[in-house]
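Read top to bottom, the protein sequences are chains A and B.
Residues in the first sequence are numbered from 210 upward in steps of one, following our numbering.
Residues in the second sequence are numbered from 1277 upward in steps of one, following our numbering.
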Amino acid sequence: MGIVELENVKKVYTLGKAEVHAVRGVTFSIEKGDFASIVGPSGSGKSTILNLIGCIDQPTDGIVSINGTVTDGLKDKALTRLRHETLGFIFQSFNLIPVLNVYENIEFPLLLGKDKRSKKEIREWIEFLVEAVGLGDHMHHKSNELSGGQRQRVAIARALATKPEIVLADEPTANLDSKTGQSIIELMKKMNAELNTTFIFSTHDRTIMDIADHVIQLLDGLVVEDTKRSAKVGNLS
Amino acid sequence: MRIILTIAWRNLREHKVKTLIIGLIMMIGIMVLVVGNSFMDSAAAGIERYYIQNYTGHLMITGESKGYLTLFGFQDMTAMERAVPRIPDYAEVVEYARTLPYVEMVNPQLSANAMVSRGDEMLGITQLFGIVPDDYHAMFADNVELLAGDFWGPGEQGILLNKVVAEMIEKQIGFTLRPGDKLLFTSASTITGMRIREVEIAGIFQFKQSNIQLDMVSLMDVSNVRALAGMVVGHAAPVDLSPEEQSFLGAIDEESLFDSFGSLDALFAPVEVEGESIGDDYWFSLLGETESRDLSNVEDTGAWQYLLIRLTDESYLKQAQVDFAKFFAEHNIPAQTRDWMQAAGSIAQLSNGVKGIFNGVVFLIAVVAVIIIMNTLVISVTERMGEIGTMRAIGAQKGFVRRMVVWETLILSGIAGTIGVVLGSLVLFILNRIGLEAGNMFVEIIYGGPVLRPELSVSSVILSFVVILVVGIVSSIYPTAIVMKTSPLKAMESSR
């Protein structure tokens, strides 16, 4: 059984009197530890599927199961808890909290729940993450004092702070230049390998999707290809 | 909690313009509240102080009655239709009052209204306080400033005419009234009928602290006031006729009675008498038995309408009211207590009315402030939709973001409120030093004296903080509702 499972999932949006069928019956499974890429052109349904996996949207029909939990019928509080405990998010525009510095942004998800670790352990874990994403010298910088690449590194560290089973990344390199984008994907791949965290990211950049070991290709709201392969770290450098 | 406070505080610093706008509104609002409420409290305290010290004492005991009974008599629509009740078992009540350790002194008093005339000329009206000079002096020692003459002596009668009333009369008669001059005082009511007394002026005085109502009050000996107030041994209640008497009189009503004369002129036609002249004895014999009439002119010497009580400390007021109520109930005495505010009458209560108006204005300002603050917060929250959505996406419950918005408002309210209180205190300190002079009678009534020196009152500070916190919290309800509805999807949308 996959850590993420979608079974005949449909999503219909209503825009005025018109209905938009964003996802038309998608079925796939992602295994724990996968470095999965959801690819496809604009309007193919990538973001909608990420939203459904991320429990921030509900399917019109079908079943979405995250780490064994079916999301259908869960109340907002339970969905929020599921997001907090199981999922990490990396956004296209980084979405750091502007009034917090690097350390505080990474610490933020840990303060939303009850962490059993001591303050010292938490501090050491955050410092490890900061070092891991290469921002040891920028610990107390605010997000507006960082470059785009640095911001996305903070976002990756924040997504990993609660040690989630799954990290979702919506077009994580879209706002970065190609070189920085490659380094970000490499970082994600490194974290995937070191922490055995499942990464699922959407992209329409072919060079980036090649690093993924599981590629789900979408077109017009349907899966047109679901490929599993051995990824080669460093292909992009 | 720490992260909520950190984010709230930094957001306030980050959005300086918004913080400044809301902060300024709150600061000015609380400053106005502190100054306004302290001003009103000082004025109210001034009025209370000077009424208790000079006119009413802390407590007034009267006979049991419904309606708006004050030291000036009934001040409602029934004033002409009923007499101020006497205190039943007065001696017993006074004796009990003197046994209470917290009662400092007592002063019995009467009141009546009278028209003033000289010969056939009607000169004006005055409110009369019937007093015993020694008792009155003992309780209100510094209240009266004698301008001419003196109080009447023990066993004597007389009136101390208020300077304002004296001037009103002097304008009409064209010369200055002096002690020893006599004036006619006429009272009239549907209960006591018409009563006239000629009273000698013992002196002219003015109250040291007065107002438009007190300016009309003159002080008179109790014997004459009792007479004018109809406080006599007999009474003129309607006679109950037996059925036989009623049958003998037949069905007579007022109209048929007067119709029988054909014309009212018949009543006033000159009486033509032939033969020997008829003396007083003849006329009095016509009146028959006159005992009832005589009794209706005999003063009820033990009767009092008011017993004013000064307590050793105002804090005993409630206890005194409870103790007296218990005493009246146990001894079956139909009497009641009224506090100084009820005793003082409508003019003293005007300050409360003004305070009510002020509070109404404050409420309106608060509503406007809520709207402005709410709009600013809505803009602020809308601008941060992506940020809030991100928080929700990465695991912040709705309660977290709600607390964050509320704390932002609370922190801002606290800071703006504190600055407002400090500035308000500064304004009050300056006003206290300068002293606000009442330019006219109306303002003097509100001030409770000719000069008001407002002082910072703790209650106004507490009230102002409560108001500003309520304004802050109410203002954040709608923005918070927007926040609560913010879906984590917003984070994704704002990210794209």
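We put the CB at the ideal spot given by N, CA and C, even for glycine.
A distance of 7 Å or more separates the beta carbons of B:L1583 and B:I1328. The Cβ atoms of B:S1387 and B:F1405 sit closer than 7 Å to each other. The beta carbon of A:R360 does not come within 7 Å of any beta carbon belonging to chain B, so the residue lies off that interface. In the same chain as B:L1399, and ignoring 5 residues on each side of it, the C-beta atoms closer than 6 Å to its own belong to V1392, S1393, I1445 and Q1448, in chain order.
Annotated three-state conformation of B:S1752 is helix, per DSSP. The Cβ-Cβ distance between B:V1498 and B:N1438 does not fall below 7 Å. With fewer than 16 other beta carbons inside 10 angstroms of its own, A:N353 counts as exposed. Between the alpha carbons of B:K1484 and B:L1309 lies a gap of roughly 32 Å. Here DSSP, grouped into helix, strand and coil, assigns B:M1415 to helix. Only exposed fits B:A1601, as fewer than 16 other CB atoms lie within 10 angstroms of its CB.
The beta carbons of B:S1486 and B:A1390 sit no closer together than 7 Å. Segment contact: the region 370-388 of chain A against the region 339-350 of chain A, fewer than three CB-CB distances shorter than 8 Å; contact not assigned. The contact set of A:I306 on chain B, defined by CB atoms closer than 8 Å, consists of I1283, E1663, T1666 and M1667 in chain order. Using a Cβ-Cβ cut-off of 7 Å, B:I1279 counts as an interface residue toward chain A, since at least one Cβ of chain A sits closer than that to its own.
For the region 254-266 of chain A, residues whose beta-carbon sits nearer than 9 Å to a beta-carbon of chain B comprise S256, L259, N260, G263, C264, I265 and D266. Contact of B:A1642 with chain A is not assigned, every C-beta pair being separated by 7 Å or more. The beta carbon of A:R292 falls within 7 Å of a beta carbon belonging to chain B, placing the residue at that interface. Under the Cβ criterion of 7 Å, B:L1765 is counted among the residues facing chain A. Looking at the backbone, the Cα of B:N1708 and that of B:I1738 are separated by about 20 Å.
Here B:V1697 is buried. Its C-beta has 16 or more other C-beta atoms within 10 Å. Taking CB atoms only, A:L321 has a neighbour in chain B less than 7 Å away. Put simply, the CB of B:G1312 is far from chain A, with every gap to its CB atoms at 7 Å or more.
By the 16-neighbour rule on beta-carbons within 10 angstroms, A:V279 is exposed. Taken through DSSP and simplified to helix, strand or coil, A:E434 comes out as strand. Shortest Cα-Cα distance from B:E1371 to any of B:S1523, B:V1440, B:T1694 and B:F1603 involves B:F1603. Between A:P318 and chain B, the shortest Cβ-Cβ separation is below 7 Å. Around the beta carbon of A:E380, 16 or more other beta carbons sit within 10 angstroms, so the residue counts as buried. Here the C-alpha atom of B:I1753 lies approximately 21 Å from the C-alpha atom of A:K286.
Residue burial is scored here from C-beta neighbours: B:K1294 has at least 16 other C-beta atoms within 10 angstroms and is therefore classed as buried. In this structure, A:T371 is the residue among A:H230, A:T371, A:E214 and A:V424 with its C-alpha nearest to the C-alpha of A:G297.
Membership of A:V235 in the beta strand (DSSP E) is indicated by the continuous run A227 to I239. Excluding residues up to 5 positions away in sequence, D422 and H423 lie with their Cβ nearer than 7 Å to the Cβ of A:K437 in the same chain. The region 265-277 of chain A makes no contact with the region 318-331 of chain A, as fewer than three CB pairs between them are under 8 Å.
Not flagged as an interface residue toward chain A: B:I1687, since no C-beta distance is shorter than 7 Å. In this structure, A:F244 lies away from A:K399, with their beta-carbon atoms at least 7 Å apart. Relative to the Cα of B:V1408, the nearest Cα in the group B:G1662, B:V1598, B:L1423 and B:I1435 belongs to B:I1435.
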